[in-house]
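**Student:** According to the working numbering, the sequence shown holds residues 2 to 284 in order. Please see the structure below; I have some questions.
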Amino acid sequence: MATLAHRLPTPAADLRGYLRAVQAFPFLTAAEERDLATRFRREDDLEAAWRLVTSHLRYVAKVARGYRGYGLPQEDLIQEGNIGLMKAVKRFDPDVGVRLVSFAMHWIRAEIHEFVLRNWRIVKVATTKAQRKLFFNLRGAKQRLGALSRDEIDEIASDLAVRPEDVAEMERRLEAHDAAFDGLIDDDDHAAPSAWIADSAPDPSEAVEAAQWSESATRQVRIAMEKLDARARDIVERRWLAEPKARLRELAEKYGVSAERVRQIEAQALRELKDAVAGVLTA
């Protein structure tokens, strides 16, 4: 999808112009959407993917507007949401029977959530999945309620099915001020936070073990590649090792088979390579 991303309009230079541009892309009927998704899934048709993405950009902009209260640039929120949309298009299965807009909402919000959590505070306020859910729900509640009383904390905890102390802790994090990560270090009791972090360099024995495992896995993959027939080996190399990567249609024309058959050969070859690496893990 990298080529596709370069063709998308960008909100960075002119947000109003971008919003007008995305409104101009036509809606898709259910039949059109299914046909385009099938072409992209089976034939790597990037033009089909382009139409799927552009027809849904307006929805991303609408979702991004709901996160304006975090003080982050609207164009950045839209860009992150667009990344989520492209991930959704890549994973969308038209045979499941749901519309792309319903499927994509999870991916759009997930990318925006990650962006908010990365940038809203220098020190992250939410690190686990449960904390992130509480962060976004409590953030919305506080915009309506202001400072929370004990009764309001209990009510929110009941509504969100979490402990009252978790709500109180998250409220304290939301109210905390940002502090510089690297400050002046005057003595051991007033060292900057960066001075407290342990050395992240790997243990020498772990580094040797990792290098040995990598070498062994590479050797097993090479052996497994040599066991593939010439056609399967060429498909894997053209699809995964070459740059730019070959499309299913190109290989289908080369070998005189359907794109679906090429995909099946590729999948079987990758399973064999995966089994070869798994053998290293269990050895």
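Backbone N, C-alpha and C fix where the C-beta goes; we use that ideal spot for every residue, glycine too. Quick caveat: nothing in here was measured; it's all calculated off a predicted structure.
Extract the residue ranges of the alpha helix (DSSP H) inside the region 59-93, only unbroken runs of 4 or more that lie entirely within it.
**Tutor:** 75-92
**Student:** DSSP state of residue 162, grouped into three classes?
**Tutor:** Taking the first residue of the sequence shown as 1, we reach residue 162 at position 161. Coil at residue 162, not helix or strand.
**Student:** Is the Cβ-Cβ distance between residue 264 and residue 249 less than 8 Å?
**Tutor:** Locating residue 264 in the sequence shown gives position 263, where the first residue counts as 1. Locating residue 249 in the sequence shown gives position 248, where the first residue counts as 1. In this structure, residue 249 lies closer than 8 Å to residue 264 by Cβ.
**Student:** Could you check which residue in 96, 98 and 16 has the C-alpha nearest to that of residue 62?
**Tutor:** Start at 1 with the first residue of the sequence shown, and residue 62 comes out as number 61. Checking every option, the nearest Cα to that of residue 62 belongs to 16.
**Student:** With distances taken between CB atoms, is the gap from residue 1 to residue 57 smaller than 8 Å?
**Tutor:** For the chain, the structure presents residues 2 to 284; residue 1 sits outside this window and is missing.
**Student:** Counting beta carbon pairs with one atom in the region 19-33 and one in the region 223-241, are three or more of them shorter than 8 Å?
**Tutor:** Verdict: no, contact absent.
**Student:** Should residue 112 go down as buried or exposed, given a rule of 16 or more other Cβ atoms within 10 Å for buried?
**Tutor:** Position 111 of the sequence shown, counting from 1, holds the residue named residue 112. So residue 112 ends up on the buried side.
**Student:** Measure the C-alpha to C-alpha separation of residue 153 and residue 22 and round it to an integer number of angstroms.
**Tutor:** Translated into the one-based positions of the sequence shown, residue 153 becomes position 152. Translated into the one-based positions of the sequence shown, residue 22 becomes position 21. About 44 Å.
**Student:** Are the Cβ atoms of residue 270 and residue 237 separated by less than 8 Å?
**Tutor:** If you number the sequence shown from 1, residue 270 lands on position 269. If you number the sequence shown from 1, residue 237 lands on position 236. Taking the C-beta atoms as reference points, residue 237 is found nearer than 8 Å to residue 270.
**Student:** Beta-carbon within less than 8 Å of residue 73's beta-carbon, same chain only, minus the 5 sequence neighbours each way: which residues are those?
**Tutor:** Counted from its first residue, the sequence shown places residue 73 at position 72. These residues qualify, in order along the chain: 116, 117, 120 and 121.
**Student:** With 16 other CB atoms within 10 Å as the buried threshold, where does residue 80 fall?
**Tutor:** Indexing the sequence shown from 1 puts residue 80 at position 79. Its Cβ being crowded by 16 or more others within 10 Å, residue 80 is buried.
**Student:** According to the Cβ coordinates, are residue 54 and residue 109 closer than 8 Å?
**Tutor:** Taking the sequence shown and counting its residues from 1, one reaches residue 54 at position 53. Taking the sequence shown and counting its residues from 1, one reaches residue 109 at position 108. No, the Cβ-Cβ distance between residue 54 and residue 109 is not below 8 Å.
**Student:** Go through its chain and collect everything with a Cβ distance to residue 95's Cβ below 6 Å, but skip five positions before and after it.
**Tutor:** Walking along the sequence shown from the start, residue 95 turns up at place 94. So the list reads 35, 38 and 39, once near-sequence residues are dropped.
**Student:** When the distance is taken between beta carbons, is residue 161 closer than 8 Å to residue 225?
**Tutor:** The residue labelled residue 225 in the question sits at position 224 within the sequence shown. The residue labelled residue 161 in the question sits at position 160 within the sequence shown. Remark: C-beta atoms of residue 225 and residue 161 do not approach each other more closely than 8 Å.
**Student:** Rounded to the nearest angstrom, what separates residue 78 and residue 227 at their Cα positions?
**Tutor:** To locate residue 78, count along the sequence shown from 1; it is residue 77. To locate residue 227, count along the sequence shown from 1; it is residue 226. Distance between the alpha carbons of residue 78 and residue 227: 47 Å.
**Student:** Would residue 252 and residue 239 qualify as a contact pair, given that the criterion is a beta-carbon distance under 8 Å?
**Tutor:** The residue given as residue 252 occupies position 251 in the sequence shown. The residue given as residue 239 occupies position 238 in the sequence shown. A contact, by the Cβ cut-off of 8 Å.
**Student:** Going straight from the alpha carbon of residue 295 to that of residue 158, what length do you get?
**Tutor:** No statement about residue 295 is possible, as the shown extent of the chain runs from 2 to 284 and does not include it.
**Student:** Do you know offhand how far residue 245's Cα is from residue 45's?
**Tutor:** Locating residue 245 in the sequence shown gives position 244, counting from the first residue. Locating residue 45 in the sequence shown gives position 44, counting from the first residue. C-alpha separation (whole angstroms): 13 Å.
**Student:** Whole angstroms are fine: how far does the CA of residue 76 sit from the CA of residue 171?
**Tutor:** Walking along the sequence shown from the start, residue 171 turns up at place 170. Walking along the sequence shown from the start, residue 76 turns up at place 75. Approximately 28 Å between the Cα atoms of the pair.
**Student:** Look at the alpha carbon of residue 69 and the alpha carbon of residue 98, and state the distance between them as a whole number of angstroms.
**Tutor:** In the sequence shown, the residue the question calls residue 69 occupies position 68. In the sequence shown, the residue the question calls residue 98 occupies position 97. About 33 Å.
**Student:** Suppose you measure from the CA of residue 93 to the CA of residue 82; what does that come to, to the nearest Å?
**Tutor:** The residue you call residue 93 lines up with position 92 of the sequence shown. The residue you call residue 82 lines up with position 81 of the sequence shown. Approximately 16 Å between the Cα atoms of the pair.
**Student:** Quick one: complete beta strand (DSSP E) runs, 3+ long, within the region 208-282?
**Tutor:** none
**Student:** What first and last residue would you give for the alpha helix (DSSP H) that runs through residue 46?
**Tutor:** Residue numbering aside, residue 46 sits at position 45 when the sequence shown is read from its first letter. Element bounds for residue 46: n/a, residue is neither H nor E.
**Student:** Can you give me the start and stop residues for the alpha helix (DSSP H) that residue 18 sits inside?
**Tutor:** By one-based count along the sequence shown, residue 18 stands at place 17. From DSSP, the alpha helix (DSSP H) with residue 18 extends over 16-25.
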